[in-house]
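Numbering (my numbering), first residue to last: 128 to 999. Just so you know, even glycine gets a beta-carbon here, dropped at the ideal spot from N, CA and C. The model shown is predicted, which means the values in this text are computed figures rather than measured ones. So the structure is just underneath, and the comments pick up after that.
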RNA sequence: GGAGGCAUAGCUCAGCUGGUUAGAGCGCACGGUUCACAUCCGUGAGGUCGCGGGUUCGAGUCCCUCUGUCUCCACCA
């Protein structure tokens, strides 16, 4: 039999194992349609080369569920995340080009895309190769697939569907514009931050010279675009002003005073200047009152040529200049400091400029209805449930979605304009001809928002709009795993797209996980430089350790902190498993053949088998409920405590004895090891595969094995409970020996006073091997001077040690045990003495309490006897 | 302004539908290595489960108030 390497070193086998899975196409449906009915698609990290723990977490959790489901023989498809991070990607590419002295314009759209792919291949591809080690599902080629191949057809199809149904429209709307990225961004991409600014109080004179209207603004430069001032219709103070006009300072334009309920009478003077082109609320007021929209800024937020005095100044310079002029003209009444929230671009941090421009929108309210319903009636379930609130909050107050982006990295909008006659056509054709005048048309240069194509992911990746077998078989998918930060960006839009285009939900469950934070609990970010590169962690500790750490010790939806210590603990666990497996294997004979559990199981065998059986049951149940952290910690406990610290130690005497004792132990050791490896495989795929292949001489792959389940015939709980008594006795002996500093190397005869003579004598070998018993004797009414006493609820064990025992110390220890026993009894008795408890509690519970009380009383009696014998 | 999370051992966190005397890892203390593993083994110390009420035979768990803290959404010129 092959042997495992002396030291656990993941770098020696993880890549090899991964290549093996890929070669055998273990992740592809065609390998074995019954067993592996899923296809998996994963996004590449973006071109920046920076990877986030978040990716790692996503992929790990998905991969765990996938492996479990696949081993269990269930058909399913999981959807990993996608994010081609359009804005950031484009910014990086542009930056890289700039270093080479190139601009977007030099390359043209086609050249730009070519260059972008070259970049992706060079950097993202390499990184993704490594990232695959976390989730078997990584495949960066899939981005090419989404962007260029099959999915772009789906994108066009959906765009046209929506357009024809009237869900997509093109229009002048006020949108968030980033003057640095030079693109529109959706309101979800705007982050607000508090900034200190000023409140400038101004006065606008009435045209008829009858005085002034007083108002305040935080953005005086937008005054150039004012087309009205507004008051609340209920405001008595301004009843007479409504309908009059005022003269716009500096510009001299005559603008009306309108009444609109949007104005808060109690805020400031109750008068607001209305700049429809540069404020979303003003825009709405403007629409209600048919006010002209005057754009005063260029794309990069400079004042337009329409205002020669300020033309070319950026918005902050213009603000200064305008304030100066207002002051000079006597329009500035006073200035006061003011803290307000300012929207910034979430990619580059620049203050966004609300701007009216011609953009494409999706009308969301109708589309949202079936999507809300699908979650409301439980067809789609969020895990944990509370995240449906976030979803409903967003969906029920949904706004139209601006989908055009002024970028090249993305799907170009399939709309064409005729420069000649002004005709607009939406078509799949790549070069359209004007249906009216027959002249060639020009395609809209804008791209679609990343999330527009991402929303189609569940079906576009399955070949839709073709009715492929994959689509038929896999849709709707089972579970989506993602972080709570993109529920609104992505999850909600996938549901909408699924309901509209497939008339069916895209997935049944949405497993939401938290964010990975740094050791101080801060969000990992580039500017803080506190991001941890998963690849470095893998290099140091191995992919299994990182995966296990990510899956353990946290619960769905809650953020987790990343610390080195946690990964180290997981690595140590892997090391433990490695060494335990190595030990088992090095004790197997060369001609060992695994035959399964022997017929006559010893008590300790039944104990471990029974425990394993329960573990298999628990792990399956936990995974079914998405309790990955609970499942993994149960595996940890079983493997480390039950198997390594107890069972292996218990078998050591048998392994030394040889013969039937040894050969039966071998079978049980291997049986449990195989089961453990399978249960652990989803969590630590590489080490389990490596051990498995050595253990089975390369005859099979664990990835293709069946996942263990509970077997009623393996339930030996009666024997297991008896054996627990032996374990309790061993622990009790250890405790008294340790507490009095008598090492196991000091052998001693042990005298048992117990009703379970048969049980303990049958298991005497363990006392000899594990707690230094030279011999066991059974009897009644022992009277020893200078003996250690170990007490359990069913046995009293004396270990005469003569001079090694310190009477005072031992008495002190016994006194402690007595106090504990009395305390135990008191607590249980109190419960049982409560009439309400006996009347209303379940009978089984009461029975359990009674049994516990009896045991506690027995134990106390034994402790008291021991104390008495010392004092005799 | 609206919504939600978190608060449990020195630290990081588990604790699922209420039912043992609340757990783990790390850290700490003491002891142990020829015979798988010091990336180890054994033993121990350490918690009035944020405060105050309520429901219940029974509350870390359910309800309410408060305090601290974090997040999301909206945003008043």
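* To do: Hey, could you find the ends of the alpha helix (DSSP H) residue 509 is sitting in?
  => Where residue 509 is concerned, there is no enclosing alpha helix (DSSP H), although the beta strand (DSSP E) it sits in stretches over 508-510.
* Assuming residue 1025 contacts residue 180 (C-beta within less than 8 angstroms), just tell me the rounded distance between them. => Outside the shown range of the chain (128 to 999) lies residue 1025, about which nothing can therefore be said.
* What are the residues that DSSP puts in a beta bridge with residue 287? -> According to DSSP, which records beta bridges pairwise, residue 287 is partnered with nothing at all.
* State buried or exposed for residue 934, treating a residue as buried only when at least 16 other CB atoms are found within 10 Å of its CB. => Here residue 934 is exposed. Its C-beta has fewer than 16 other C-beta atoms within 10 Å.
* Could you work out which residue in 794, 345, 495 and 759 is closest to residue 523 when comparing CA atoms only? => 495
* **residue 130 - DSSP class collapsed to helix/strand/coil** => coil
* Let me know if residue 717 comes out buried or exposed under the rule of 16 or more other beta-carbons within 10 Å of its beta-carbon. => exposed
* **Span of the alpha helix (DSSP H) around residue 670** => 670-678
* Would the stretch 470-484 and the stretch 294-307 be scored as touching if the rule is three or more Cβ pairs under 8 angstroms? -> yes
* To do: Have a look at residue 515 and residue 683 and give me their C-alpha separation to the nearest angstrom.
  => 14 angstroms
* **The beta strand (DSSP E) enclosing residue 465, as first and last residue numbers** => 459-472
* Alpha carbon to alpha carbon, what distance is there between residue 453 and residue 388? -> 29 angstroms
* **Span separating the alpha-carbon of residue 193 from that of residue 809** => 8 angstroms
* Hey, residue 575 and residue 613 are a contact pair by Cβ (cut 8 angstroms); roughly how many whole angstroms apart? -> No, residue 575 and residue 613 are not in contact; Cβ-Cβ is about 17 angstroms, not under 8 angstroms.
* alpha helix (DSSP H) segment containing residue 803, residue limits -> 786-807
* Inspect the beta-carbon positions of residue 881 and residue 845 and report whether they are closer than 7 angstroms. => no
* Asked: Roughly how many angstroms lie between the CA atoms of residue 148 and residue 134, to the nearest whole one?
  -> So the two alpha carbons sit approximately 23 angstroms from each other.
* Asked: Excluding five sequence neighbours on each side, which residues of the same chain lie with their C-beta closer than 7 angstroms to the C-beta of residue 781?
  -> 788, 789 and 792
* Asked: Taking the alpha-carbon positions, what's the residue 944 to residue 937 distance?
  -> Our two residues, residue 944 and residue 937, have alpha carbons roughly 11 angstroms apart in a direct line.
* Return helix, strand or coil for residue 695, following the three-state DSSP convention. => helix
* **7 angstroms Cβ cutoff met for residue 285 and residue 583** => yes
* Could you check how far apart the C-beta atoms of residue 766 and residue 803 are, in whole angstroms? I think they sit under 8 angstroms. => 6 angstroms
* **Start-to-end residues for the alpha helix (DSSP H) that takes in residue 246** => 231-246
* To do: Put residue 485 into one of helix, strand or coil per three-state DSSP.
  => strand
* Span of the beta strand (DSSP E), counted from its first residue to its last, around residue 610 -> 604-610
* Asked: If you check the beta carbons only, do residue 985 and residue 850 fall under 7 angstroms apart?
  -> no
* Limits of the unbroken beta strand (DSSP E) element including residue 249 -> Looking at the DSSP string, residue 249 is not in any beta strand (DSSP E), and its letter there is neither H nor E.
* To do: Measuring alpha carbon to alpha carbon, tell me which of 561, 534 and 538 ends up nearest residue 547.
  => 561
* Asked: Distance, Cα to Cα, residue 248 vs residue 530?
  -> 27 angstroms
* What did DSSP end up calling residue 558 once you bin it into helix, strand or coil? -> Coil at residue 558, not helix or strand.
* Three-state secondary structure (DSSP) at residue 539? -> Annotated three-state conformation of residue 539 is strand, per DSSP.
* Uninterrupted alpha helix (DSSP H) stretches inside the stretch 861-933 (no shorter than 4 residues) -> 884-889 and 891-897
* To do: Please report how far the alpha carbon of residue 884 lies from the alpha carbon of residue 891, in whole angstroms.
  => 10 angstroms
* Asked: Cβ of residue 604 within 7 angstroms of Cβ of residue 638?
  -> no
* With a 10 Å radius around its C-beta and 16 neighbouring C-beta atoms as the bar for buried, classify residue 784 as buried or exposed. => exposed
* **Residues bridged to residue 1002 (per DSSP)** => Shown here, the chain extends from 128 to 999; a query on residue 1002 therefore has no answer.
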